[in-house]
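The sequence shown begins at 91 in this note's numbering and counts up one residue at a time.
Read the structure below first, then the notes.
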Amino acid sequence: MSGMRPTGRLHLGHLLGTLRTWQRLQQEAECFFFVADWHALTTDYDRTSGVSTNVLEMVTDWLASGIDPERATIFLQSGVAEHAELHLLLSMVTPIGWLERVPTYKEMQQQLSERDLSTYGFLGYPVLQAADILMYRATAVPVGADQVPHVELTRDIARRFNHLFGETFPEPEAVLADAARVPGLDGRKMSKSLNNAVFLADDAEEVKARLSRMMTDPRRARRRDPGDPADCPAYTLHRVYCTPEELTWAAEGCRTAGIGCLECKHVMIARAEEELAPIRERRAALAARPDDVRDALVTGTRRARELARATMEVVREKVGVGGGI
Ligand code: TRP
Ligand code: SF4
Numbered sequence: 091m092s093g094m095r096p097t098g099r100l101h102l103g104h105l106l107g108t109l110r111t112w113q114r115l116q117q118e119a120e121c122f123f124f125v126a127d128w129h130a131l132t133t134d135y136d137r138t139s140g141v142s143t144n145v146l147e148m149v150t151d152w153l154a155s156g157i158d159p160e161r162a163t164i165f166l167q168s169g170v171a172e173h174a175e176l177h178l179l180l181s182m183v184t185p186i187g188w189l190e191r192v193p194t195y196k197e198m199q200q201q202l203s204e205r206d207l208s209t210y211g212f213l214g215y216p217v218l219q220a221a222d223i224l225m226y227r228a229t230a231v232p233v234g235a236d237q238v239p240h241v242e243l244t245r246d247i248a249r250r251f252n253h254l255f256g257e258t259f260p261e262p263e264a265v266l267a268d269a270a271r272v273p274g275l276d277g278r279k280m281s282k283s284l285n286n287a288v289f290l291a292d293d294a295e296e297v298k299a300r301l302s303r304m305m306t307d308p309r310r311a312r313r314r315d316p317g318d319p320a321d322c323p324a325y326t327l328h329r330v331y332c333t334p335e336e337l338t339w340a341a342e343g344c345r346t347a348g349i350g351c352l353e354c355k356h357v358m359i360a361r362a363e364e365e366l367a368p369i370r371e372r373r374a375a376l377a378a379r380p381d382d383v384r385d386a387l388v389t390g391t392r393r394a395r396e397l398a399r400a401t402m403e404v405v406r407e408k409v410g411v412g413g414g415i
C-alpha cells in the first residue's frame, strides 16, 4: 500500500524513486496505490482549485509508467470516506507528543513558513496516513526515506489500538525505494518546485536539452580538466541507466579528461530515452482518453471502498462504538 499527494505531472524522480518500485511490487503482491488528495489539503487548504486536475494528471502518469489497474487497486482517498472514520478513531488513541516528535512536522512548518501550518489537520497528517495504511491491513509500505517515520508511527498506533481493543491490525514495514534520491538538473533533489525536473510528459527534444544542461563535476569547467564521477550529479543517472561497459567508459574518460561532458551525457540520455519514449507514447494515448483514466480510478475506488467497509465493521465492533444502530 502506498500513496502520493496529487502534485500534478510526475518527473524522473517519481519514476525512479517510486513508480519503478510500485511496478515491481504489483507483480509480486496484492497492491493498493492511491491519490492522497486529503493529504494535499493539510498544506494547501486555501488553494484547492487545482487538486482535481492534478489528480488526473498524476494518475495518467501512473498508468503510462506501467502501473496496471488490472493488477493493483488504484483509488482516490477522498472517495473512500471510511479513511476519515478510521482517522478519527485512531486520533483518539494517538498522544499529541508522538505527532509533535515526527521530524517532518517541524521541518515542513519551517520549509513552508509562508503558510500557517499550525492547524489540527496538519498535526494529524501522520494519523491520516496510518488510517490509509491500516485500512487495508497492509504489511509493506514502499516509501522514500523521509516517510519512514510515518510508517513507524503507524506501527506504534497499530500496537496501541491492538493493545486497547484486541488484535486488529498487522504492523506494517516500510520498503525503501531503490533510488530514493534522484538529483535534479542543478544537483539538488529533483522537485517540481525547484524547477530542476525532467517530466514524464516532456518531449524527447526537451528531455535531451534539459539533461544536456544537467550539472556535472564542477572541476570539469574546461574540457581538458579531469573530473570525478563521484562528484557528478549527471553520473547518478548514468548509474541508473548505463551498462557496466558504458559506466567504465564514462568514468575513465572523466578521470583522464578523455571525453567531454556532453559526449558522456549523450550515452546516458540515449539510455534514459529507452525507458521514457514508451512512457511518453502511452501518456499521449491516455491523455487523449481522459475518461478511461477516470474510469480506472473510479473502478479501483469502488473496490477499495468495499474492503474499507469490511475493515470498519470489524473496527467498530472492536471499539464497541458505532456498530449499534
Ligand atoms: N505522506 C505521503 C507523501 O507525502 C503520502 C501518503 C499518504 C502515503 N498516505 C500514505 C504514503 C500511505 C504511503 C502510505 O509522500
Ligand atoms: Fe560527469 Fe561524465 Fe562530465 Fe565526468 S565526464 S563530470 S561523469 S558528465
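Heads up, the beta-carbon is just placed ideally off N, CA and C, and yes, glycines get one too.
Fair warning: this is a prediction, and the values are worked out from it, not measured in the lab.
Notebook entry, point to check: Nearest-angstrom Cα distance between S208 and L275?
Noted result: 33 Å
Next item on the list: Whole angstroms is fine: what's the gap from T163's alpha carbon to V231's?
Entry: 14 Å
Next item on the list: Can you tell me which of I359, G187 and T244 puts its alpha carbon nearest to the alpha carbon of A294?
Entry: I359
Next item on the list: Compute the minimum distance between the beta carbon of V231 and the heavy atoms of the ligand TRP, and state whether it is under 7 Å.
Entry: yes
Check: What does K279 pair with, by DSSP beta-bridge criteria?
Finding: P273
Notebook entry, point to check: By Cβ distance, which residues of its chain are closer than 7 Å to G390, with the 5 residues on each side in sequence left out?
Noted result: P159, T163, I164 and F165
Checklist line | R310 Cβ short of 7 Å to the ligand SF4 heavy atom set | finding: yes
Note to self: Going by DSSP in three states, F259 sits in which element: helix, strand or coil?
What the structure shows: coil
Check: Among residues of its own chain, excluding the 5 on either side of R406, which ones have a beta-carbon nearer than 8 Å to its beta-carbon?
Finding: G412 and G413
Next item on the list: On a CA-only basis, which of H328, P319 and R227 is nearest E342? Give me that one, please.
Entry: P319
Notebook entry, point to check: For R314, which of I349, H328, S281 and D206 has the nearest alpha-carbon?
Noted result: I349
Margin query: Tell me which residue opens and which closes the alpha helix (DSSP H) that G212 is part of.
Written below: A small correction: the amino acid at residue 212 is Phe; Gly does not occupy that position in the sequence shown. Y210 to L213 is the extent of the alpha helix (DSSP H) around F212.
Next item on the list: Count the other C-beta atoms from every protein chain shown that fall within 10 angstroms of the C-beta of Y325, then say buried if there are 16 or more, exposed otherwise.
Entry: buried
Next item on the list: Output yes or no for whether 8 Å exceeds the beta carbon distance between G98 and G234.
Entry: no
Note to self: Report the CB separation of I247 from V145 in whole angstroms; it is logged as a contact under 8 Å.
What the structure shows: That pair is no contact at about 27 Å.
Item checked: Of the listed residues P380, A400 and A394, nearest to L153 (C-alpha basis) -> P380
Check: How about T143 and F212: are their beta carbons less than 8 Å apart?
Finding: no
Margin query: Quick test of your reading: F123 and D222, contact by CB under 8 Å. State the CB separation rounded to the nearest angstrom.
Written below: The pair is not a contact, with the Cβ atoms about 11 Å apart (cut-off 8 Å).
Notebook entry, point to check: Roughly how many angstroms lie between the CA atoms of L290 and D385, to the nearest whole one?
Noted result: 22 Å
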